[in-house]
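Enquirer: Those sequence lines, one after another, are chains X and R. Positions in the first sequence are counted from 1; adding 4 to them yields our numbering. Positions in the second sequence are counted from 1; adding 4 to them yields our numbering. Glycine included, each C-beta is placed from N, C-alpha and C at the ideal position.
2 protein chains.
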Amino acid sequence: MKNIEKLAFKNFDVKELNQYLTTKTVPAKTTLLYEGDIAQNIYFVQKGLLRLWNNNDGDDITFQFFFEDQIVSSFESMYTNQPSSFSIESIEETTVKVLTREKMAKLLNNHEELRQLFTQIICQRFIDYTHYFLSRIKENPQERYHELIEKQPQILKRVPQYYIASYLGITPVSLSRIRNKKS
Amino acid sequence: MKNIEKLAFKNFDVKELNQYLTTKTVPAKTTLLYEGDIAQNIYFVQKGLLRLWNNNDGDDITFQFFFEDQIVSSFESMYTNQPSSFSIESIEETTVKVLTREKMAKLLNNHEELRQLFTQIICQRFIDYTHYFLSRIKENPQERYHELIEKQPQILKRVPQYYIASYLGITPVSLSRIRNKKS
DNA sequence: GTCATAAATTAACAATTGTTAATGAGATAA
DNA sequence: TTATCTCATTAACAATTGTTAATTTATGAC
């Protein structure tokens, strides 16, 4: 996802882009998009940490964490104009640049290469999710935890354990058992 | 998915489309796309039944069944030119119309509305998968089985039970237990 | 530093599903 | 018809994870 954002800026006049962006800082545990709402913004994380999650009868299912330099939105909601299946929420105090739906529409109208980029981002998101879901189905919680340690150690450092448990699809109790199991 | 295909044909000269399509009939249990290969074709199911599946250490994970009038491909593989995470295989003897990558490229080049359609199909596929995965995570096998009976009874009629089990993410033994549980 | 709150750990127990293996039922070919 | 093969069912047992609740540890406010 990072590469795509770089691509976005590379082919693009930064000054023009900045005209379209506003900056917003929110404290921890602030919701930027509520599940069920139609996404109105795309966010570029400048500083802080967000998570994308779905409410399952009061239990969280966390799908993704977003750190500095990542692009965040419910792209499918943005694209289809349908209610989002996910909420977006800050974990730490977070500063984002905001691109509204309307301004994005303008940008896309004027720039064929951005239209392609937008499609590409959605496709990439699709592929990321497919891999996430496949991993969730194919590997057991212990394997997924160890994979997380290897591949995304920054998550372990900055994300509370109960969110990590919800990302792994298990309860905090179960995660604690895995962590303290000597193998 | 059906609606999208109708849309495809609606805005489109059927005779022109037919120039691009060839017809192919394969017996049951024939693989049209192998996991790991790069998708070269899009298939339009005329008659029969296909499934999209992923190999998990010898165990099948079935993601989707495709009946008459549905469009089948590994769109993400097609789009990204990367190896497919899924195989496509016939369950019954199946007749498909085939659109090759090259011919599709031609079509897309000449028709802006088809480019949009292609993007739309990929996005719709994305959204379908998201719902499938969410259901798989949020509901237990029994709930998913009863949902299948309600929403897609045609699957129960034409698909062997062990594929249904693999679609529900459980073993055939477990599915049999669910089926015969009096509740 | 102390207190209050939130998060993580641990233990006991329940529930669900997987595994293995034996049996039964249905389809197909000789 | 019989033999064979595949698929579905059933049972016994194992393994994993969830649930609840008590306890410990960590964090943040004052």
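1) I want to see whether chain R comes within less than 7 Å of residue 11 of chain X, judged by CB atoms only; does it?
2) Looking at C-alpha atoms only, which residue of X:109, X:164, X:132, X:95 is the closest neighbour of residue 24 of chain X?
3) With distances taken Cα to Cα, identify the nearest neighbour of residue 88 of chain R among R:94, R:96, R:79, R:95.
4) Taking the straight line between their C-alpha atoms, what separation do you get for residue 135 of chain X and residue 39 of chain R?
5) Please report the straight-line C-alpha distance between residue 52 of chain R and residue 183 of chain R, rounded to a whole angstrom.
6) Would residue 142 of chain R pass as an interface residue toward chain X - the criterion being a Cβ-Cβ separation below 7 Å?
7) Please report how far the alpha carbon of residue 97 of chain X lies from the alpha carbon of residue 112 of chain X, in whole angstroms.
8) For the region 53-66 of chain X and the region 125-140 of chain X, state whether three or more C-beta atom pairs, one from each stretch, are separated by less than 8 Å.
9) Under the rule that 16 or more other beta-carbon atoms within 10 Å means buried, what is residue 162 of chain X, buried or exposed?
10) Let's test the definition: count the other Cβ atoms within 10 Å of the Cβ of residue 76 of chain X and tell me whether it reaches 16, buried, or not, exposed.
11) Verify the CB distance criterion: does residue 95 of chain X have a CB-CB separation below 7 Å to chain R?
12) Would you tell me roughly how many angstroms separate the C-alpha atoms of residue 154 of chain X and residue 157 of chain R, rounded to the nearest one?
13) Smallest Cα separation from residue 103 of chain R: which of R:115, R:27, R:181, R:168?
14) Less than 7 Å between the C-beta atoms of residue 43 of chain X and residue 81 of chain X, yes or no?
15) Among X:151, X:160, X:185, X:177, which residue has its Cα nearest to the Cα of residue 95 of chain X?
16) Anything in chain R within Cβ reach of residue 89 of chain X, meaning under 9 Å, just list it in chain order.
17) Does any residue of chain X have a CB that is nearer than 7 Å to the CB of residue 23 of chain R?
18) Starting from residue 94 of chain X, trace the beta strand (DSSP E) both ways and give me its first and last residue.
19) Run the CB neighbour count on residue 32 of chain R, radius 10 Å, all protein chains shown included, and call it buried at 16 or more, exposed below.
20) Go ahead and pull the three-state DSSP assignment for residue 27 of chain X.
21) Tell me which residue opens and which closes the alpha helix (DSSP H) that residue 182 of chain X is part of.
22) I want to see whether chain R comes within less than 7 Å of residue 66 of chain X, judged by CB atoms only; does it?
23) Are the beta-carbon atoms belonging to residue 139 of chain R and residue 66 of chain R less than 7 Å from one another?
24) What does the Cβ neighbour count give for residue 177 of chain X, buried or exposed, with the cut at 16 atoms within 10 Å?
25) Label residue 123 of chain R either buried or exposed according to how many other C-beta atoms from any shown protein chain fall within 10 Å of its C-beta, with 16 as the threshold for buried.
26) First and last residue of the alpha helix (DSSP H) that includes residue 65 of chain R?
27) How is residue 84 of chain X classed by DSSP in three states: helix, strand or coil?
28) At the level of alpha carbons, what is the spacing between residue 48 of chain X and residue 164 of chain R?
29) Starting from residue 80 of chain X, find everything on chain R with Cβ-Cβ shorter than 9 Å and list it in chain order.
30) Whose CA, out of X:68, X:185, X:137, lies closest to the CA of residue 93 of chain X?
31) Tell me whether residue 168 of chain R sits in a helix, a strand or coil according to DSSP, three-state version.
32) Using the Cα positions of residue 20 of chain R and residue 152 of chain R, report the straight-line distance between them to the nearest angstrom.
33) Of all the residues that make up the region 169-183 of chain R, which are near chain X by a beta-carbon distance shorter than 9 Å?
34) Terminal residues of the continuous beta strand (DSSP E) containing residue 46 of chain X?
Expert: In short:
1) Mapped onto the first sequence, residue 11 of chain X falls at position 7. Low per-residue confidence applies at residue 11 of chain X: pLDDT is 48, beneath 50, and the placement is therefore not dependable enough to give any value.
2) Within the first sequence, numbered from 1, the residue matching residue 24 of chain X stands at position 20. The candidate whose alpha carbon is nearest that of residue 24 of chain X is X:109.
3) Position 84 of the second sequence, counting from 1, holds the residue named residue 88 of chain R. Across the set R:94, R:96, R:79, R:95, the C-alpha of R:79 shows the shortest separation from the C-alpha of residue 88 of chain R.
4) Indexing the first sequence from 1 puts residue 135 of chain X at position 131. Indexing the second sequence from 1 puts residue 39 of chain R at position 35. Near 14 Å, if we compare the C-alpha coordinates of residue 39 of chain R and residue 135 of chain X.
5) Mapped onto the second sequence, residue 52 of chain R falls at position 48. Mapped onto the second sequence, residue 183 of chain R falls at position 179. Taking the CA atoms as reference points, residue 52 of chain R sits about 26 Å from residue 183 of chain R.
6) Mapped onto the second sequence, residue 142 of chain R falls at position 138. For residue 142 of chain R, the nearest CB of chain X lies under 7 Å from its own CB, placing it at the interface with that chain.
7) In the first sequence, counting from the first residue as 1, residue 97 of chain X sits at position 93. In the first sequence, counting from the first residue as 1, residue 112 of chain X sits at position 108. The straight-line gap from Cα to Cα measures roughly 30 Å.
8) Judged by Cβ distances under 8 Å, the region 53-66 of chain X makes no contact with the region 125-140 of chain X, as fewer than three pairs qualify.
9) On the first sequence, position 158 is the one that residue 162 of chain X refers to. So residue 162 of chain X ends up on the exposed side.
10) Taking the first residue of the first sequence as 1, we reach residue 76 of chain X at position 72. Answer is buried; the Cβ neighbour count reaches 16.
11) The residue given as residue 95 of chain X occupies position 91 in the first sequence. Chain R, which has no Cβ nearer than 7 Å to the Cβ of residue 95 of chain X, makes this no.
12) For this step, residue 154 of chain X is matched to residue 150 along the first sequence. For this step, residue 157 of chain R is matched to residue 153 along the second sequence. Looking at the backbone, the Cα of residue 154 of chain X and that of residue 157 of chain R are separated by about 43 Å.
13) Within the second sequence, the letter at position 99 stands for residue 103 of chain R. It is R:27 whose Cα lies nearest to the Cα of residue 103 of chain R.
14) As a working note, residue 43 of chain X is residue 39 in the first sequence. As a working note, residue 81 of chain X is residue 77 in the first sequence. Residue 81 of chain X sits close to residue 43 of chain X, with the two beta carbons spaced by under 7 Å.
15) Reading the first sequence from its first residue, position 91 is the one you call residue 95 of chain X. Looking only at X:151, X:160, X:185, X:177, the smallest Cα-Cα distance to residue 95 of chain X is reached by X:160.
16) Taking the first residue of the first sequence as position 1, residue 89 of chain X is located at position 85. Proximity of chain R to residue 89 of chain X at the Cβ level (cut-off 9 Å) is accounted for by 131, 134, 135, 138, in chain order.
17) Here residue 23 of chain R refers to the residue found at position 19 of the second sequence. Not a single C-beta of chain X is nearer than 7 Å to the C-beta of residue 23 of chain R.
18) Taking the first sequence and counting its residues from 1, one reaches residue 94 of chain X at position 90. First-last of the beta strand (DSSP E) with residue 94 of chain X: 91-94.
19) Sequence index remark: in the second sequence, residue 32 of chain R carries index 28 (1-based). The residue in question, residue 32 of chain R, is exposed, as its Cβ has fewer than 16 Cβ neighbours within 10 Å.
20) For the purposes of this step, residue 27 of chain X is taken as the residue at position 23 of the first sequence. Strand at residue 27 of chain X.
21) To locate residue 182 of chain X, count along the first sequence from 1; it is residue 178. That run of the alpha helix (DSSP H) goes 176-184.
22) Along the first sequence, read from residue 1 onward, the residue named residue 66 of chain X stands at position 62. False, the Cβ-Cβ gap to chain R never drops below 7 Å.
23) Numbered from 1 along the second sequence, position 135 holds the residue referred to as residue 139 of chain R. Numbered from 1 along the second sequence, position 62 holds the residue referred to as residue 66 of chain R. One thing to note: residue 139 of chain R has its Cβ no nearer than 7 Å to the Cβ of residue 66 of chain R.
24) Mapped onto the first sequence, residue 177 of chain X falls at position 173. Residue 177 of chain X comes out exposed.
25) Here residue 123 of chain R refers to the residue found at position 119 when the second sequence is read from its first residue. With 16 or more Cβ atoms within 10 Å of its Cβ, residue 123 of chain R is classed as buried.
26) Numbered from its first residue, the second sequence carries residue 65 of chain R at position 61. Annotation for residue 65 of chain R: no alpha helix (DSSP H) segment contains it, though the beta strand (DSSP E) segment containing it runs 63-70.
27) Here the question's residue 84 of chain X lines up with position 80 in the first sequence. Helix at residue 84 of chain X.
28) Position 44 of the first sequence, counting from 1, holds the residue named residue 48 of chain X. Position 160 of the second sequence, counting from 1, holds the residue named residue 164 of chain R. Between residue 48 of chain X and residue 164 of chain R, the C-alpha separation is close to 47 Å.
29) Numbered from its first residue, the first sequence carries residue 80 of chain X at position 76. Here the neighbours are 127, 130, 131, 134.
30) As a position in the first sequence, residue 93 of chain X is number 89, starting the count at 1. It is X:68.
31) For the purposes of this step, residue 168 of chain R is identified with residue 164 of the second sequence, where counting begins at 1. Residue state, collapsed to three classes: helix.
32) Working through the second sequence from its first residue, we reach residue 20 of chain R at position 16. Working through the second sequence from its first residue, we reach residue 152 of chain R at position 148. In this structure, the straight-line span from the alpha carbon of residue 20 of chain R to that of residue 152 of chain R is close to 38 Å.
33) Listed by position along the chain: 173.
34) As a working mapping, residue 46 of chain X is identified with position 42 in the first sequence. Taken as a continuous stretch (DSSP letters only), the beta strand (DSSP E) holding residue 46 of chain X covers 45-51.
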